[in-house]
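First the structure, in the form of structure tokens, and then the observations on it.
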Amino acid sequence: MPELPEVETIRTYLNTILPSHPVVSVKHLDARMVKMGTVSSESIAHRLPGLVVQSMGRRGKYLVMRFFDKSALIIHLGMSGRLVVEPEANPWRSHTHLVLGLREDKELRLVDPRRFGRIGYFVEFDKDRTLRLGPEPLSRSFTAQYLIDRLRRRKSPIKSLLLDQSLVAGLGNIYVDEALFGAGIHPLSPGSTVSFRSASRLVRSIRRVLRVSIANRGTSFSDYVDALGHQGQNQEYLAVYGRWGQPCLKCGSPIHSLVIHARTTHFCQHCQPMLEDLEG
DNA sequence: CGCCAGTCCTGACAGC
DNA sequence: TGCTGTCAGGACTGGC
360 MPELPEVETI RTYLNTILPS HPVVSVKHLD ARMVKMGTVS SESIAHRLPG LVVQSMGRRG
420 KYLVMRFFDK SALIIHLGMS GRLVVEPEAN PWRSHTHLVL GLREDKELRL VDPRRFGRIG
480 YFVEFDKDRT LRLGPEPLSR SFTAQYLIDR LRRRKSPIKS LLLDQSLVAG LGNIYVDEAL
540 FGAGIHPLSP GSTVSFRSAS RLVRSIRRVL RVSIANRGTS FSDYVDALGH QGQNQEYLAV
600 YGRWGQPCLK CGSPIHSLVI HARTTHFCQH CQPMLEDLEG
């Protein structure tokens, strides 16, 4: 399941090969995947050929393929999406929903069996306005003070709140669990009970968890592979996610699991106490 | 506005 | 062996 580190790994590679290359052709585009923006799939297929890639960017979990005419193709990989560059001689996998013809007999292919992914084309793309997302967790604008201000009146569990992309962009189920473990915060703690001190720990923990995973080229738990089709290595370094019943790496007590916000949540009851309500 | 339940989707797997 | 049911979850929608 691609979250920020996985999308960043894909972005980094694509950004080494795509800039200054034109889209030669749109060989395939499944209209059902176009779920963003106002440009239809037919119009996208008509507009893309000839456009030259300026850069491959990322905003939260969205990949941003920017063209020199200021337009951009946005791709979200959802749960099972893969974006790979392959020789056109290789057969298409099943569930291939987008194929862009590139130079040198290469193709950029989006494969997404569950079709939770999404595509959109924006004629004028503004990274701060087009997608309604919170700050990048690795940017300077993501601070403890920002978190406190946004969490102050929220009663939902901190786990749910951190999954909200308008609060902070790029975290998914795995890295929220890992970050809360690193910060020593129980996932059911209401947002309003997060003190400045715990918010500082949380910001540091989120950054650490993401940086480590990016260095490991992402977590391959089920579907994820990078743009070269290679698995990431970060699954070897997860402290709680997927470790139900196994000993906590800090205290040895078994990792617990429960469902929050319809997401399986892993945590250590001993190392992650509920935060106290500051209003009391 | 906040919060929650429902929706989409298919591969993998358990159980019969 | 082959069917059926269940589970996984990111982001959006609608109801209250």
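Position one of the first sequence corresponds to residue 360 (the working numbering), numbered consecutively onward. Note that the Cβ used here is the ideal one computed from N, Cα and C, for glycine as well. Remember, it's a predicted structure, so these values are computed and weren't measured experimentally.
Near the ligand PLP: residue i beta-carbon under 7 Å from a heavy atom
| i | result |
| --- | --- |
| SER439 | This structure does not include the ligand PLP; it has no bound ligands of any sort. |
Assigned secondary structure, residue i (DSSP; H/G/I helix, E/B strand, else coil)
| i | result |
| --- | --- |
| SER439 | coil |
| THR455 | strand |
| ARG503 | The sequence shown places Ala at residue 503, rather than the Arg named in the question. It is helical. |
| PRO446 | strand |
| ALA621 | coil |
| LEU377 | coil |
Alpha-carbon to alpha-carbon, residue j and residue i
| i | j | result |
| --- | --- | --- |
| ARG473 | MET438 | 7 Å |
| SER616 | GLN504 | 30 Å |
| VAL470 | SER581 | 14 Å |
| GLU463 | ALA448 | 11 Å |
| GLU635 | LEU436 | 37 Å |
| TRP451 | ARG477 | 19 Å |
| VAL411 | ASN532 | 35 Å |
| VAL444 | HIS629 | 45 Å |
| SER384 | LEU459 | 6 Å |
| LEU569 | VAL527 | 13 Å |
Chain-order list of residues whose beta-carbon lies under 8 Å from that of residue i (same chain, five-residue window excluded)
| i | result |
| --- | --- |
| VAL398 | ARG406, GLY479, TYR480, PHE481 and VAL482 |
| LYS518 | VAL535, ASP536, LEU539, PRO546, LEU547, ILE619, HIS620, ARG622 and THR624 |
| VAL571 | ASN593 and TYR596 |
| LYS514 | PRO549, GLY550 and SER551 |
| SER303 | Nothing can be reported for residue 303: it is not among the residues displayed for the chain, which extend from 360 to 639. |
| PRO606 | SER612, PRO613 and ILE614 |
Contact set for residue i: own chain, Cβ-Cβ below 7 Å, skip 5 residues either direction
| i | result |
| --- | --- |
| GLU367 | ARG417 and ILE573 |
| VAL584 | ARG441 and GLN590 |
| HIS454 | VAL470, ASP471 and PRO472 |
| ARG602 | ILE614 and HIS625 |
> Is the number of C-beta pairs between the segment 380 to 391 and the segment 361 to 372 that are closer than 8 Å three or more?
Replying inline: no
> Enumerated in chain order, which unbroken segments of the alpha helix (DSSP H) with a length of 4 residues or greater are wholly contained in the segment 506 to 555?
Replying inline: 517 to 522 and 532 to 542
> At what residue ranges does the segment 383 to 427 contain a whole run of the alpha helix (DSSP H), taking only runs of 4 or more?
Replying inline: 400 to 406
> Is the segment 542 to 554 in contact with the segment 609 to 628, if contact means three or more CB pairs nearer than 8 Å?
Replying inline: yes
>> Using 8 Å as the cut-off, can you tell me whether the segment 484 to 492 makes contact with the segment 411 to 426, which would need three or more C-beta pairs spanning the two stretches below that distance?
In response: yes
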